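Chemist: Residues 132 to 220 in the working numbering are what the sequence shown spells out, letter by letter.
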Amino acid sequence: MRPTLARLVHIIPREALTVPKRKIIPRPIHSQEEFKQPTTFDLLLQQKEKAGESWPSNIRLERAVSKRELRPVRPELRVTLKKMLNTES
């Protein structure tokens, strides 16, 4: 025999349910603390500053420049600006 919809549905009275008064659950604390931790790039920059001249010359640290950041710059100056940003670090 196949179960019918009437057999599957069971109506529970509202008094039997415990509805929390607070509807919004706060965000877990650990995910908020993750934003405060330094990124890998920041840690590498700190190591580079500590090392000074002993930092290997073949390891360059460059921040990624997105197209969105360069959108307000005039097109003929974008290439020059990108080269300048890469030579800073």
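All C-beta atoms, glycine included, are put in the ideal place defined by N, C-alpha and C. Here the structure is a predicted model, which means the values were calculated and not measured.
Which residue's Cα is closest to the Cα of L174: H161, L192, I160?
Modeler: Cα-wise, what sits closest to L174 is L192.
Chemist: Along the chain, where does the alpha helix (DSSP H) containing A147 start, and where does it finish?
Modeler: For A147, there is no enclosing alpha helix (DSSP H), as DSSP gives it neither H nor E.
Chemist: Out of E146, R158, E180, R194, which one is the CA nearest neighbour of L216?
Modeler: R194
Chemist: Quick one: Cα of N189 to Cα of Q178, how far?
Modeler: 15 Å
Chemist: Taking the alpha helix (DSSP H) that Q177 falls in, what are its first and last residues?
Modeler: 171-182
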